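Heads up: the structure comes next, in structure tokens.
Here it is in structure tokens:
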């Protein structure tokens, strides 16, 4: 019924492993937790985030520098200056970094600075972008479209893989529905289905799915329980001051607590979450950052 | 924003406990698992189900005798003869029984025979039925409407409670959406929200939500992980021969395995699932059933 | 694909005509326009409405006396006193009257007083009510459920007809969707499809569909253009003071203008709208109302 | 509530006129009908279409040469060779031509050959493409996203206009919903709302909205009746042989009949449809096509 070829689950135990750094890989027994703000606002902001998270089980940082905004008059992201911020925190804190790519012209620069390129929901069927990402040379985090069927989502991944890039991680982030109590409806059945249909890693973004921080932690546990390979969660040093999506970001303290609370759930379903080095642990700074 | 009075969570640790038998209660630390077929087809069928499940952690039986069917020409359920079947298995196997009520005229008979009356999705806003159930004298299992908002769901419960019956358990069972890969979209964020908004127990029906048996077990785990107080899951001695919803029913063996697999997840979030007495354990039959 | 029997279009020119008074019938060349408030509030209110509309092309009155409300604390309608109001205006102004029935127990009383019983969206799959309406002895106005598929809608009509009542008029009134700019999404393709699938008359309720009065008139024209057999439109002497759905009701003046503006559209598609007798025309009052 | 600036309706009678040829303009009293196949398949195919339609009231041709397809293995369109076909029929039959642009890299070539660049539903929030189209130098036909709110749609137009291109025509083409009887749900209330919110022309694509040819004509009439400024309708010399969307294309004969049937509806709402020169009228061929 779903006519994927390259991403289709062809035999039961095939599982693609997508490596984004020496130690961080999606699709293995260990789950990958990505944390960080919706938008990169300054080096200081990202350093504060990284300092808090580096000692926790959060293994990768997120932060948007090219932002898809409904209004052309809303802040569109720091652009290249933001990429520079990401490169600095990446190097200083030794954490891989994920950021969104919105157009073919941005691919080269982003791929130079970060470890994983995110395709946002609004671009899930931007087929020319998907084809170009087949040659990006870096792993892709492909978010489900706002109203994409499971078939369309799988076939979007097939576009990237069939154009040369096997390193695709799928991300369920909620779909549009009639109830505005939550921003979107988190579709965990899609996670289960995608794990059965494809051999790609599948992660979950509960923050964008629900849009209310008080709902994030229980849904993160649910995602782990049903077999997700990781999570991407928004957090911010001062959530209420976030330039975008302020209502859904966790404080850094809550982020660390949330991740800790996931560990027993992961174990209950045969998975693990990386060791905590200790909240606030700060490694020796590297003197000369590129 | 949601103007519930009686069912609203007024102070943090208020939790309604809904007791359906001496030993089975929703809302406590122990989760309640309800199992059984979509439709009661015969005494033999229900006995087979009960024999398998009584020794497992499944604590209550389900089975429809009045069936809401899209077509007037589809089997409408066994009716009163089915109530008699339910009464017999209830007595023989000492398990509380849940069945659907479709109209005010059925309340008295159903309340005489079973332990909990289910209001189906299509009747969630059948307000006259809800009012009448305020006087049913038995606990109510209220399923979310196919496209009911969280507010409408909460207020439907308020109808029952404000008309005299405080024993309401909410059940998330999937909402309508655009993708027909699954039958509905299971909305676990609603479970989390309902637990925050109300003090009522909230359970999940993953079977009707997804409509495909291979997706049920992981979603049952997810439901437990995000804080559900129980599950209602379809199972059948010969799923492919079920007179209704054959595609989603589990075999009895898979049902028992599923329930066992939930135990570590429950523990991981501070909950428990009742002891297993041993699969297939058969108590001494009672000689004279009413 | 849709397994209706009695309501299915079996040969191209079969069209059921549903007569609700000597001169008002759905399904013929002449369209039927029903107008009136969401809720019957007083005899005075209904008289004001009737006085304005009786001279226009509006041929029937609507007004709810049993109201399905999300909250049990909202006004539930005038009940039997409201039926009495409807009976009086019906008799005084010689206009047939439509009102909603919410439960089996109300059928007899409502059928005694009014000319057509409306089944609301929330009860479209209240199958026991549908079956009982098969014996109501009066025509049924069946509104589409909030998230009912076309198949489910057709089969709901089949319930009524197969239980003995061939006089069913279908009403499209908008379905739930993700955008809250309008209250629901008016699905005129459903009207076209229903006219092809069944031989029943199909009318449109643009007021509930969109929930904003400034959108009603153009959509009423669209409904006529695509083949609807009539319209049901909310209007109120003082829309902003309506006890329910104030945002969508037209003033009585706007209602009359709207109906006039439909006439050329009706003619353009080979239909007619009844003669205007002149706005405000008042017939000799009947001295002794029942 | 909707924070558009440049496209917002600021005073009641402001209406943008978008000219795509000397004689064809959107937004005036005369409606614009665009016809043609989903996909350009050959010069012969497009000539057959143009021969049939040039004598009718269809004023512009459509045909995709870059095709957004769910699967990377489906036909992706003729590409530049298709642009050449469009240029030839445009010149031979003196009809303006519309085709879809999928990426920034295609803009220059497409803008050289055709009269209007279409942004497809999947790219409605491809913001970098929208920004670049601000400099395209040709009018834009912006289709509503599959699950775009009215606000998002309006703001997508604002992106194009605020980047330098005032010539934007909006196109409602159906939104995703739960019923698969039709492909999407045609949202004519959005047309009415968009006409009130913005001063841009708004047209309707009933073919993609419903996906079934037997529903297209009545919905085209409905679109005209509610105030649409034009229509874009799929037709094909042999609909059942169309390489894409075969189920929804009209035959060329049906297309001409449909357009004729719209004329009285247009008149009924104070609009006109261009004169018919006579079906099949063939102008003197131009000897040397570029």
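Residue numbers (the UniProt record's numbering), protein chains in the order written: chain A, 1 to 290; chain B, 1 to 290; chain C, 1 to 290; chain D, 1 to 290.
We treat Cβ as the ideally placed atom computed from N, Cα and C, and that holds for glycine.
The structure displayed is predicted, hence computed values, not measured ones.
| Item | Value |
| --- | --- |
| For residue 104 of chain B, go through chain C and note every residue whose CB falls closer than 9 Å to its CB, in chain order. | 103, 104, 105 and 128 |
| Is residue 116 of chain B helix, strand or coil by DSSP? | strand |
| Throw me the rounded Cβ distance for the residue 169 of chain B and residue 206 of chain B pair, which I believe falls under 8 Å. | Contact flag wrong, Cβ pair sits at about 16 Å. |
| How is the alpha helix (DSSP H) around residue 92 of chain C delimited, first residue to last? | 80-93 |
| Check residue 20 of chain C in the structure and name its three-state DSSP category. | coil |
| At least one CB of chain D closer than 7 Å to the CB of residue 26 of chain C: is that the case? | no |
| Would you mind working out which of C:63, C:127 and C:249 sits nearest residue 105 of chain B, comparing C-alpha positions? | C:127 |
| Strictly below 7 Å CB to CB, what residues from chain D border residue 68 of chain A? | 125 and 127 |
| Start and end of the alpha helix (DSSP H) containing residue 234 of chain A? | Note, residue 234 of chain A: premise wrong, no alpha helix (DSSP H); beta strand (DSSP E) at 230-234. |
| Taking only three categories from DSSP, how would you classify residue 48 of chain C? | helix |
| Between the segment 156-181 of chain A and chain D, which residues of the former have a C-beta closer than 7 Å to a C-beta of the latter? | 158, 159, 162 and 176 |
| Give the C-beta separation of residue 25 of chain A and residue 18 of chain A to the nearest angstrom, bearing in mind that I take them to be a contact with Cβ-Cβ under 8 Å. | 6 Å |
| Who are the near neighbours of residue 160 of chain D in its chain, counting only those whose CB is closer than 6 Å to its CB and skipping five residues on each side? | 130, 133, 134, 140 and 168 |
| Here's the rule I'm using: 16 or more other beta-carbon atoms within 10 Å means buried, otherwise exposed. How should residue 312 of chain B be labelled? | The structure shown does not extend to residue 312 of chain B, since chain B is modelled only from 1 to 290, so the question has no answer here. |
| Assuming residue 197 of chain B is part of the alpha helix (DSSP H), what are its boundary residues? | 188-197 |
| Residue 41 of chain C by DSSP, collapsed to three states: which one? | coil |
| Assuming residue 157 of chain D is part of the alpha helix (DSSP H), what are its boundary residues? | 150-162 |
| Does residue 226 of chain A come within less than 7 Å of chain B when only Cβ atoms are used? | yes |
| To which residues of the same chain is residue 90 of chain A closer than 6 Å at the C-beta, ignoring the five residues directly before and after it? | 97 |
| Which stretch, first to last residue, makes up the beta strand (DSSP E) that contains residue 138 of chain A? | Unbroken run through residue 138 of chain A: none, as it is neither H nor E. |
| Considering only C-alpha positions, which residue in the set D:163, D:56, D:64 and D:33 is nearest to residue 46 of chain D? | D:64 |
| Label residue 178 of chain C either buried or exposed according to how many other C-beta atoms from any shown protein chain fall within 10 Å of its C-beta, with 16 as the threshold for buried. | buried |
| For residue 217 of chain C, count neighbouring Cβ atoms within 10 angstroms of its own Cβ and tell me buried if that reaches 16, exposed if not. | buried |
| List the residues of chain C whose Cβ lies closer than 8 Å to the Cβ of residue 214 of chain B, in chain order. | Within chain C, no residue comes near residue 214 of chain B; the closest Cβ sits about 25 Å away, beyond 8 Å. |
| Between the beta-carbon of residue 186 of chain D and the beta-carbon of residue 189 of chain C, is there less than 7 Å? | yes |
| If you follow the beta strand (DSSP E) that residue 60 of chain D is in, where does it begin and where does it stop? | 60-62 |
| Name the chain A residues whose beta carbon is nearer than 7 Å to that of residue 188 of chain B? | 186, 188, 219 and 222 |
| Is the beta carbon of residue 57 of chain D sitting closer than 7 Å to the one on residue 273 of chain D? | yes |
| Since residue 135 of chain D meets chain C, which of its residues come closer than 7 Å, beta carbon to beta carbon? | Chain C residues near residue 135 of chain D: none, gap ~30 Å exceeds 7 Å. |
| In its own chain, which residues sit with a C-beta less than 6 Å from the C-beta of residue 85 of chain A, not counting the 5 before and 5 after it? | 40, 43 and 46 |
| Quick check: the segment 232-241 of chain B against the segment 195-202 of chain B, are there 3 or more CB pairs under 8 Å? | no |
| Kindly indicate which residue of B:121, B:122, B:125 and B:137 has the alpha-carbon position closest to the one of residue 114 of chain B. | B:137 |
| On a Cα-Cα basis, can you pick out the residue from A:176, A:148 and A:153 that is closest to residue 149 of chain D? | A:176 |
| Pull up the distance between the alpha-carbon of residue 155 of chain A and that of residue 181 of chain D, whole angstroms please. | 23 Å |
| Under 7 Å between C-beta atoms, does residue 146 of chain B make it to chain C? | yes |
| May I have the straight-line CA-CA distance separating residue 291 of chain A from residue 210 of chain B, to the nearest angstrom? | Since the first residue of chain A shown is 1 and the last is 290, residue 291 of chain A is not available in this structure. |
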